[in-house]
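A.B. asks: Below are the structure tokens for one structure; questions will follow.
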């Protein structure tokens, strides 16, 4: 089982769209894929028409099990989507309280590591959608994964968020046996704007080894797919952004 985390310490850069689209593409290739929502805002959860304000079973229950010293198994909290081969472990807004609770409990940074060990036979790939801030949830996601995907819009503020994210990766790598493989993915790229072109050049100069060779273009089909509650890869497989994500996936699979 391969575990990929999608994260950036800046909101609005396409983390959820990247998670869902790559997940849909993996499912269409025949891989059993689990999407995990670790963002208290619950965007991925809402994408699949689940209400994070009303969920009785969610990823929060896994953290409760850890606090209660119960065996960790996320399967009772997993929901199948309408897309074959694609399941979701949704978020409830209650996970926003975990940072406050974590200081009182040991081992809360490794809950996801323990939980995913129980489902290695159930899924081929796990993709984790992170909150845009460093805390116990992001630490769990970074500790559990082998591949980090960092979406970044080629613009000034997003590049600042990327700098914070890369400092976090450096910190996390100090506690890992094997350094985290990191791929920076330019998203919502509009080649008609000077800022996008200049920011992409900065990314190419500053992160030549981590930067993906493909950019994800601005594409209204991604928004339309979220409105329909379906991965863009299934809603509009010929969309230009989907084609770009498929190329990105091909590159990620080559280095898995």
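In this note's numbering, the protein residues as written are 10 to 265. For every residue, glycine included, the Cβ atom is placed at its ideal position computed from N, Cα and C.
1) To the nearest angstrom, how far is the alpha carbon of residue 203 from that of residue 110?
2) Report yes if the C-beta distance between residue 153 and residue 181 is below 9 Å; otherwise report no.
3) Using a Cβ-Cβ cutoff of less than 7 Å, which residues in the same chain neighbour residue 145 once the five nearest sequence positions on both sides are dropped?
4) Grab me the residues of residue 56's own chain with a C-beta within less than 7 Å of its C-beta, minus the 5 sequence neighbours each way, in chain order.
5) Quick check on the DSSP output: what are the complete alpha helix (DSSP H) runs of length 4 or more inside the stretch 181-265, in order along the chain?
6) DSSP three-state call for residue 83: helix, strand or coil?
7) Return helix, strand or coil for residue 162, following the three-state DSSP convention.
8) Do residue 59 and residue 240 have their C-beta atoms within less than 9 Å of each other?
9) Hey, would you say residue 179 sits closer than 9 Å to residue 260, going by beta carbons?
10) How big is the Cα-Cα spacing for residue 142 and residue 171?
11) Look at residue 18 and residue 173 and say whether their C-beta atoms are less than 9 Å apart.
C.D. replies: Well, looking at it:
1) On the chain shown, residue 203 is found 194 positions in, with the first residue counted as 1. On the chain shown, residue 110 is found 101 positions in, with the first residue counted as 1. Cα to Cα, residue 203 sits roughly 45 Å from residue 110.
2) In the chain shown, residue 153 corresponds to position 144, counting from 1. In the chain shown, residue 181 corresponds to position 172, counting from 1. Cβ distance not < 9 Å, so residue 153 and residue 181 don't count as in contact.
3) Here residue 145 corresponds to residue number 136 of the chain shown, with the count starting at 1. Contacts found: 107, 108, 111, 117, 118.
4) Looking up residue 56 in the chain shown gives position 47. Same-chain partners within the cutoff: 25, 29, 235, 238.
5) 203-215, 229-237, 241-244, 249-263
6) As a position in the chain shown, residue 83 is number 74, starting the count at 1. Reduced to three states, the DSSP call for residue 83 is coil.
7) Here residue 162 is taken as the residue at index 153 of the chain shown, counted from 1. DSSP places residue 162 in coil when its eight states are reduced to three.
8) As a working mapping, residue 59 is identified with position 50 in the chain shown. As a working mapping, residue 240 is identified with position 231 in the chain shown. Taking 9 Å as the Cβ cut-off, residue 59 and residue 240 do not qualify as a contacting pair.
9) Position 170 of the chain shown, counted from the first residue, corresponds to residue 179. Position 251 of the chain shown, counted from the first residue, corresponds to residue 260. Cβ distance not < 9 Å, so residue 179 and residue 260 don't count as in contact.
10) Taking the first residue of the chain shown as 1, we reach residue 142 at position 133. Taking the first residue of the chain shown as 1, we reach residue 171 at position 162. The straight-line gap from Cα to Cα measures roughly 12 Å.
11) Here residue 18 refers to the residue found at position 9 when the chain shown is read from its first residue. Here residue 173 refers to the residue found at position 164 when the chain shown is read from its first residue. Yes, the pair counts as a contact, with Cβ atoms nearer than the cut-off.
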